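Chains as they are written, first to last, in my numbering: chain L, 56 to 458; chain A, 56 to 458.
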């Protein structure tokens, strides 16, 4: 029986925990807000709805320690993955007895939490036969995918921010300490680097906006090279359109402040007959960057340092978008030329376990590769500041309308 | 020396008239608001900037009486064209001495105003040679193009409204009397049918919105058959999208209430990732219809009767849009199957002059042709009423933002 984090069936259990514990105590204790898609709630659901299987269950494993156990016979959980179970005391870095009681399980049914980068074990004869991997291959304790990406992108020091651009845009940063992290209101985890913290905020659906433009305005469909050429065409369109997009203002279709009180807060505003789809492309890049600045401003307002941003994923491939982000946020943006930061981060942690690197940061330094460093354009600063103010005012107006 | 109504050079002269007469007295006296593109202001400009030519000018003719004069040697102006010179007393139907004085000309320099449909004269030998038209061909006093269209579409009775859909959408209706017309705030002319009045309001740029979608979202460009196929595709898209356009709200890019205080009030709102360009197409048709209802509501609020709407021009060719207009306005919409209402109206007036018809209305009855009559869909009434309220609230919000 497996549950994904998108699985909302445990809504009743989340309500029950909320009623007995309250939202804020759970958030401060575990680092994560009370949502129905986390293991605490899923296990409680399982206990209530499948009592026989629940009673017969020997262990409750997650994807990572389940696979680790099948490969090596050893049980080992890592801190950043454990942070998202809502079963761990974030400050202590260990399973919390009271939360285990809510779930109805015992400590011995979970894997012990050990640092990322320690050796879990070696691949057994049986696992070697099943997987084709050489017997005795070292298996090292990894990390949650966002934290692997943080390791692979060097976002392990306070002041650094990782922006992973997919359908959602996910911000990951490194608060100075747990208290700063918790006061930011972001989702807090123990970092893959021991002693460091991580704070995550997701702008869900923001990144999907350009994909929408590609599909519905740029002729869409297609895959592979054909689709990449459409992205190139959109980049060209945005590049040849001056800052301000001819006045067109774009509000992201999901995950933005405009949508915070309504299901559909997106839109193109200030449209005139003289505008073309080029303006729409530029407006999307600027609007999403404004939304991002808003989130980063809120982070900074709670004491999280933002000295530079490392951008990875789809939007980072654009020759235009990262510079727009740098210009609107007034923050230097680094775009690594090596792709797949998460995979590289996992490999770095494996290297730490294998003794290739003294620690994850040494691994990043060794495998960093060339980077494209973009400085904010001073000449655009005032213009974009005014545009950002206009963006916020409009998004608030839209939110008030939907509410 | 010729001036078109788009020629704004006489802005200073309009300001001068405004300062000495005031906007409202001019509007009540002439039926038309004081704008810098009308002959009163153009002639005053000509007097000031070209004093020698002005002093030497024997006559001041407009396109219609100039051509009539060249064809027949006779001077004859029609009431609906004279209404738009800002030199005519709308109530009296004759040139106004005080206005002529402002322009600096004398009555003998203008053609006498005679009813539409009277004979101007016959084509002279010289004109026959120059044009290839048979000598002695009858030339009949016509009307302003919008009023020719009104005659050709049967919009000559109170309660009837002509909607001419081009880049702008132009509403022409028949107020019961001059006082009702003037209190509507619309631009008032004497109708091509004697004793009737006409009131015009232009929603400038509203109709251009769908053309914008075709050009910038539907792959655009092309002409003739190819372009018509794109319109067909947009019609299909709008037809397969249910009323409400999935919640997408469109504000016209020009000429709408949202744009009344700013240069660019257009936009697509409530956009979600799940929307496609089909929703944009339907949203444009519904949004423009909401804007139209707003204008028609304002007409009705001032006492102008609106019993039915006759739709001609680009949008009338759509198999979807006229029904959306009928549904959102709760007014029956007639779409004549015969095209080119203005040309037909001019021909009807010629027929009146030639004695083929007793009057313009008899001519329309004879040449009416088949019509597509669309009734408002009762089942959609409440839904569209709510959408219209939402549309108005949003347009007002946008206007307040721009102001």
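C-beta: ideal position from N, C-alpha, C; glycine also. Every value quoted in this text rests on a predicted model; they were computed, and no experiment measured them.
Could you spell out where the alpha helix (DSSP H) holding residue i opens and where it closes?
i	result
residue 247 (chain L)	No alpha helix (DSSP H) holds residue 247 (chain L); DSSP gives it neither H nor E.
residue 264 (chain L)	263–271
residue 380 (chain A)	376–384
residue 109 (chain L)	106–111
residue 196 (chain L)	Where residue 196 (chain L) is concerned, there is no enclosing alpha helix (DSSP H), given that its DSSP letter is neither H nor E.
residue 121 (chain A)	118–127
residue 216 (chain A)	Note, residue 216 (chain A): premise wrong, no alpha helix (DSSP H); beta strand (DSSP E) at 214–220.
residue 237 (chain L)	233–238
residue 224 (chain A)	Here residue 224 (chain A) belongs to no alpha helix (DSSP H); instead the beta strand (DSSP E) covers 224–228.
residue 176 (chain A)	Per DSSP, residue 176 (chain A) belongs to no alpha helix (DSSP H); it is in the beta strand (DSSP E), 174–177.
residue 284 (chain L)	279–294
residue 345 (chain L)	332–356
residue 81 (chain L)	78–85
residue 158 (chain A)	152–158
residue 403 (chain A)	396–408
residue 185 (chain A)	180–186
residue 134 (chain A)	134–137
Residues of chain L with CB closer than 8 angstroms to the CB of residue i, please, in chain order.
i	result
residue 454 (chain A)	The premise fails here: residue 454 (chain A) is roughly 12 angstroms from chain L at the closest Cβ pair, so nothing lies under 8 angstroms.
Given that residue i touches chain L, what residues does it touch there, using C-beta distances under 9 angstroms?
i	result
residue 311 (chain A)	Residues of chain L passing the Cβ test: none, with the nearest at roughly 11 angstroms.
Would you mind working out which of the options sits nearest residue i, comparing C-alpha positions?
i	options	result
residue 261 (chain A)	A:244, A:221, A:245	A:221
residue 351 (chain A)	A:313, A:255, A:419	A:255
residue 152 (chain A)	A:161, A:65, A:88	A:161
residue 57 (chain A)	A:79, A:119, A:80	A:119
residue 231 (chain L)	L:215, L:182, L:434	L:215
residue 428 (chain L)	L:187, L:290, L:123, L:367	L:367
residue 207 (chain L)	L:418, L:106, L:272, L:258	L:418
residue 192 (chain L)	L:199, L:200, L:183	L:183
residue 378 (chain L)	L:369, L:431, L:229	L:431
residue 385 (chain L)	L:204, L:435, L:107, L:211	L:435
residue 451 (chain A)	A:90, A:211, A:311	A:311
residue 342 (chain A)	A:356, A:369, A:383	A:383
residue 186 (chain L)	L:150, L:127, L:156, L:173	L:127
residue 433 (chain L)	L:248, L:146, L:387	L:387
residue 156 (chain L)	L:116, L:148, L:102, L:117	L:102
residue 357 (chain A)	A:241, A:439, A:287, A:294	A:241
residue 224 (chain L)	L:62, L:369, L:445, L:181	L:369
residue 424 (chain A)	A:390, A:444, A:449	A:390
residue 237 (chain L)	L:92, L:442, L:163, L:354	L:354
residue 61 (chain L)	L:92, L:82, L:72, L:80	L:92
For a contact meaning CB atoms closer than 8 angstroms, what does residue i contact in chain A?
i	result
residue 274 (chain L)	274
Over what stretch of residues does the beta strand (DSSP E) that includes residue i continue unbroken?
i	result
residue 391 (chain A)	388–391
residue 304 (chain L)	304–306
residue 419 (chain L)	Where residue 419 (chain L) is concerned, there is no enclosing beta strand (DSSP E), although the alpha helix (DSSP H) it sits in stretches over 415–422.
residue 366 (chain A)	361–368
residue 428 (chain L)	426–429
residue 326 (chain A)	321–326
So residue i and residue j are in contact, right, with Cβ under 8 angstroms, and what is the actual spacing, rounded?
i	j	result
residue 96 (chain A)	residue 69 (chain A)	5 angstroms
residue 86 (chain A)	residue 244 (chain A)	6 angstroms
residue 349 (chain L)	residue 308 (chain L)	Not quite, the Cβ-Cβ distance comes to about 16 angstroms (not below 8 angstroms), so this is no contact.
residue 375 (chain A)	residue 364 (chain A)	That belief does not hold up - the Cβ atoms of residue 375 (chain A) and residue 364 (chain A) are roughly 16 angstroms apart, past 8 angstroms.
residue 219 (chain L)	residue 171 (chain L)	Not confirmed; about 18 angstroms, so no contact.
residue 233 (chain A)	residue 252 (chain A)	6 angstroms
residue 239 (chain L)	residue 359 (chain L)	5 angstroms
residue 304 (chain A)	residue 313 (chain A)	Rounded, the Cβ-Cβ distance is 10 angstroms, inconsistent with contact.
residue 142 (chain A)	residue 94 (chain A)	6 angstroms
residue 330 (chain A)	residue 299 (chain A)	With 8 angstroms as the limit, residue 330 (chain A) and residue 299 (chain A) do not qualify as a contact, their Cβ atoms being about 12 angstroms apart.
residue 426 (chain A)	residue 392 (chain A)	6 angstroms
Just the chain L side, please: which residues come within less than 7 angstroms of residue i by C-beta, in chain order?
i	result
residue 321 (chain A)	326, 327
Members of the segment 323–346 of chain A near chain L, C-beta cut-off 7 angstroms:
Closer than 7 angstroms at the C-beta level to chain L, one finds these residues of the segment 323–346 of chain A: 323, 324, 325, 326, 327, 328, 331, 332.
Under 7 angstroms (Cβ pairs) to chain L, residues found in the segment 242–273 of chain A:
Listed in sequence order: 260, 263, 267, 271, 272.
Check each residue of the segment 164–189 of chain L: if its Cβ is closer than 7 angstroms to any Cβ of chain A, include it; give the result in chain order.
Flagged: no residues at all.
Could you list the residues in the segment 436–455 of chain L with a C-beta less than 8 angstroms from some C-beta on chain A, going in chain order?
Per Cβ criterion, the list reads 448, 449, 452, 453.
Note down, in chain order, all residues in the segment 289–311 of chain A with a beta-carbon under 7 angstroms from any beta-carbon belonging to chain L.
If the cut-off is 7 angstroms between Cβ atoms, the segment 289–311 of chain A has 302, 308, 309 near chain L.
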